[in-house]
Amino acid sequence: MMTTEVDKQTNTLIIGASAAGLAVAACLQEQRVPFILLEKSSQVGAAWRNHYDRLHLHTDRAHSQLPHLPMPKSFAKYPARADVVAYLEAYARHFGLEPRFGQGVQQVRPCDGLWQVETQDTCYQAQNVVIATGYTRVPHLPSWPGQELFTGSISHSSAYKNGKPYAGQRVLVVGFGNSAGEIAIDLVENGAAEVGMAVRHPVNVIPRDYLGIPILTIGIVMDKIPPQVADLLAIPMLKTSIGDLTKYGLPKLPYGPNVQIRQDRQIPILDIGTVKLIKDGRIHIHPGLAQFNENGVVFTNGAIKPFDAIILGTGYRPQVNEFLQDAAGVLNEDGTPQSSGQETAPGLYFCGFYISPTGMLREIGIEARQISAHIAGKG
Numbered sequence: 190m191m192t193t194e195v196d197k198q199t200n201t202l203i204i205g206a207s208a209a210g211l212a213v214a215a216c217l218q219e220q221r222v223p224f225i226l227l228e229k230s231s232q233v234g235a236a237w238r239n240h241y242d243r244l245h246l247h248t249d250r251a252h253s254q255l256p257h258l259p260m261p262k263s264f265a266k267y268p269a270r271a272d273v274v275a276y277l278e279a280y281a282r283h284f285g286l287e288p289r290f291g292q293g294v295q296q297v298r299p300c301d302g303l304w305q306v307e308t309q310d311t312c313y314q315a316q317n318v319v320i321a322t323g324y325t326r327v328p329h330l331p332s333w334p335g336q337e338l339f340t341g342s343i344s345h346s347s348a349y350k351n352g353k354p355y356a357g358q359r360v361l362v363v364g365f366g367n368s369a370g371e372i373a374i375d376l377v378e379n380g381a382a383e384v385g386m387a388v389r390h391p392v393n394v395i396p397r398d399y400l401g402i403p404i405l406t407i408g409i410v411m412d413k414i415p416p417q418v419a420d421l422l423a424i425p426m427l428k429t430s431i432g433d434l435t436k437y438g439l440p441k442l443p444y445g446p447n448v449q450i451r452q453d454r455q456i457p458i459l460d461i462g463t464v465k466l467i468k469d470g471r472i473h474i475h476p477g478l479a480q481f482n483e484n485g486v487v488f489t490n491g492a493i494k495p496f497d498a499i500i501l502g503t504g505y506r507p508q509v510n511e512f513l514q515d516a517a518g519v520l521n522e523d524g525t526p527q528s529s530g531q532e533t534a535p536g537l538y539f540c541g542f543y544i545s546p547t548g549m550l551r552e553i554g555i556e557a558r559q560i561s562a563h564i565a566g567k568g
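Read in order, the letters of the sequence shown are residues 190 to 568 in the working numbering.
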């Protein structure tokens, strides 16, 4: 269907139709602000659809719902990937949101007092633009010397679905983020002969629940006090629930998880079973990866070990700078937004880019309300 000139112009253009974009759209609709919602894929929640089978939310259902529509109580306490996808689909239906699919944004730039957004086949103009493409837009694919010599398989976690193809294999997961930890569990449960994790940097590990209370609930309280104080108060909890993992080869950060979130803008590892498997000797911790050889890898301590497969749990990058001309100076050197949930330049907003100690989906809801109220307040 041909897009008319009128269809190309609107008050607000939202880029991305996953959780953040849908939440902003619903909140703008409540404020009666006209908008167009663009999505490069063919369905809402594309990132969630493409994740590995075993994935569950690491934050509890009660704190993971978007504005104005709770998650069904029939969902598990920590909803599965398929349930999150179903929720996002239901969310779009409930509010009558109709994204324009197949619209991959190639450029966003100011033009004559408006914002111009160019896709592969259309040029849109709007008074406001909300970028809601998220932190997991582009897989981060580091490389190492000798990588081309390795005769086994190397893949990023974005291509991982389940551990069945790795049964009987020696597998190394590179990284120690939440996805890497869950993939390591999945590999063990699906019969991998050996599972290792290469951990280059010191980490913090926290329990998903403590005494039956979701850690997110505790985090909401802790967020109201200085992070250094919150970390001091958390020491007894971490000692009893996680213990000392350095004796298993896992390096620990010299500061706690709350300081880590504020200072490094990184989420600590939420343990959903990885720690027990490490303590039981079913997941082996190794130093960082230095280089490859034909049959395996060389670690930074000089140790050489054979592996059949390498899975890169090295995360993602938002890479907003691929399509946003940063004339307004709103991006950091690495291409991430300097702020999220507020107007960063006249008419320009980001949603879903703040690393929050109280959970990403909860933070998205807060930001969506703030952004829509600010846009509506312009009149």
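Where is the CB? At the ideal position from N, CA and C, for every residue including glycine.
Bounding residues of the alpha helix (DSSP H) (the contiguous stretch that carries residue i)
| i | result |
| --- | --- |
| Met260 | Looking at the DSSP string, Met260 is not in any alpha helix (DSSP H), and its letter there is neither H nor E. |
| Glu219 | 208-219 |
| Ser561 | 549-565 |
| Leu277 | 270-283 |
| Ala479 | From DSSP, Ala479 is part of no alpha helix (DSSP H) but of the beta strand (DSSP E) over 478-481. |
| Ala235 | 235-238 |
Extent of the continuous beta strand (DSSP E) to which residue i belongs
| i | result |
| --- | --- |
| Leu376 | Counting along the chain, Leu376 falls outside any beta strand (DSSP E), though it belongs to the alpha helix (DSSP H) covering 367-378. |
| Ala498 | 498-501 |
| His252 | Taken as a continuous stretch (DSSP letters only), His252 belongs to no beta strand (DSSP E), as it is neither H nor E. |
| Pro526 | Per DSSP, Pro526 belongs to no beta strand (DSSP E) and is neither H nor E. |
| Ile343 | 342-345 |
| Glu511 | Note, Glu511: premise wrong, no beta strand (DSSP E); not H, not E. |
| Ala348 | Where Ala348 is concerned, there is no enclosing beta strand (DSSP E), given that its DSSP letter is neither H nor E. |
| Val394 | 394-396 |
| Ile544 | First-last for Ile544: undefined, no H or E at that position. |
Counterpart residues of residue i in DSSP-defined beta bridges
| i | result |
| --- | --- |
| Arg506 | Val327 |
| Trp333 | Per DSSP, none; premise fails for Trp333. |
| Pro493 | The amino acid at residue 493 is misidentified as Pro; the sequence shows Ile. According to DSSP, Ile493 bridges with Val487. |
| Val384 | Val360 |
| Leu244 | Beta-bridge pairing links Leu244 to no other residue. |
| Thr322 | Paired residue(s): none; Thr322 is not in a bridge. |
| Phe224 | Thr201 |
| Ala315 | Thr199, Trp304 |
| Ala534 | Leu537 |
| Arg298 | Gln305 |
| Pro403 | Asp398 |
| His390 | Paired residues: none, contrary to the question. |
| Arg138 | Residue 138 lies beyond the range of the chain shown here (190 to 568); nothing can be said about it. |
Contact under 7 Å by Cβ, residue i with residue j
| i | j | result |
| --- | --- | --- |
| Ala382 | Gln358 | yes |
| Arg238 | Asp375 | no |
| Pro334 | Gln480 | yes |
| Ile564 | Ala209 | no |
| Gly364 | Ile458 | no |
| Asn367 | His247 | yes |
| Trp304 | Val294 | no |
| Gly470 | Thr489 | no |
| Tyr437 | Ile467 | yes |
| Ile225 | Leu211 | no |
| Lys428 | Pro391 | no |
| Asn257 | Gly385 | A small fix is needed here, since residue 257 is His in this sequence, not Asn. No, the pair does not count as a contact, with Cβ atoms beyond the cut-off. |
| Ile555 | Val362 | no |
| Pro223 | Tyr505 | no |
| Ala348 | Leu286 | no |
| Tyr444 | Met426 | no |
| Cys216 | Ala557 | yes |
Cβ-based neighbour list, residue i, same chain, cut-off 6 Å, excluding 5 preceding and 5 following
| i | result |
| --- | --- |
| Asn484 | Pro495 |
| Val274 | Gly234, Trp237, Arg238 |
| Phe539 | Ile320, Pro526, Ser529 |
| Leu227 | Ile204, Arg289, Gln292 |
| Ser253 | Leu246, Leu550 |
| Gln198 | Gln314 |
| Gly524 | Gln508, Val509, Asn510 |
| Pro446 | Asn393, Ile395, Pro457 |
Same chain, Cβ closer than 7 Å to residue i, neighbours up to 5 away in sequence not counted
| i | result |
| --- | --- |
| Gly380 | Ala356, Gly357 |
| Pro396 | Ile404, Ser430, Ile431, Asp460 |
| Lys266 | Asp249, Arg250 |
| Gly408 | Pro546, Thr547 |
| Lys413 | none |
| Thr463 | Gly370, Ala373, Ile374, Ile472 |
| Ala498 | Gly341, Ser342, Tyr355, Gln358, Val360 |
| Val377 | Val384, Leu466, Arg471, Ile472 |
| Pro331 | Thr503 |
| Leu338 | Phe481, Asn482, Glu483 |
Cβ-based neighbour list, residue i, same chain, cut-off 8 Å, excluding 5 preceding and 5 following
| i | result |
| --- | --- |
| Gln559 | Gly530, Gln531 |
| Met190 | Annotation note: pLDDT 40 at Met190 (below 50); position unreliable, coordinate value reported separately. Closer than 8 Å at Cβ, skipping near neighbours: no residue. |
| Lys350 | Tyr241, Asp242 |
| Val195 | The predicted model places Val195 with a pLDDT of 48, which falls under 50 and marks its position as unreliable, so this point remains unresolved. |
| Gly566 | none |
Task: Continuous alpha helix (DSSP H) assignments of at least 4 residues falling wholly in the segment 405-444 - done: DSSP runs (the alpha helix (DSSP H)) wholly in the segment 405-444: 416-430.
Task: beta strand (DSSP E) runs contained entirely in the segment 441-466, provided each spans 3 or more residues - done: Whole beta strand (DSSP E) segments, 3+ residues: 458-460.
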